[in-house]
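S.K.: Letter 44 of the sequence shown, counting from 1, is numbered 247 in this note's numbering, and no numbers are missing.
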Amino acid sequence: MTTIADFERFRDEGYNRIPLMREVLADLDTPVSIYLKLAQGRYSYLLESVQGGEKWGRYSIIGLPCRTIVRVTGQQLVIEQDG
204 MTTIADFERF
214 RDEGYNRIPL
224 MREVLADLDT
234 PVSIYLKLAQ
244 GRYSYLLESV
254 QGGEKWGRYS
264 IIGLPCRTIV
274 RVTGQQLVIE
284 QDG
């Protein structure tokens, strides 16, 4: 979990993108249902790890709309900022 002290330390070190983490114990929600509630725009994603074969999801990472997009097509790399 990201604490206020962590956030302030990253900010003071000059970072302009700071990951925010929170552990959620949810009996009624799944990672997919939480993702669908949060992901309002394009370029969001849900990553999940699995433990014990395909039985239990261990971690879920939700990325919300970003400011920078890196596209790679063949040998061409394009970086889009704020767009």
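Glycine included, each C-beta is placed from N, C-alpha and C at the ideal position. Small disclaimer: the values here were computed from a predicted structure and weren't measured.
Quick one, which of 231, 232 and 266 has its alpha-carbon nearest residue 247's?
M.R.: When each option's Cα is compared against that of residue 247, the closest is 266.
S.K.: What span of residues does the alpha helix (DSSP H) with residue 283 cover, start to end?
M.R.: Unbroken run through residue 283 is the beta strand (DSSP E), 279-284; no alpha helix (DSSP H).
S.K.: Taking residue 268 as the reference, which of 244, 213 and 239 has the closest Cα?
M.R.: 244
S.K.: Alpha carbon to alpha carbon, how far is residue 228 from residue 278? Give it in angstroms, no decimals.
M.R.: 43 Å
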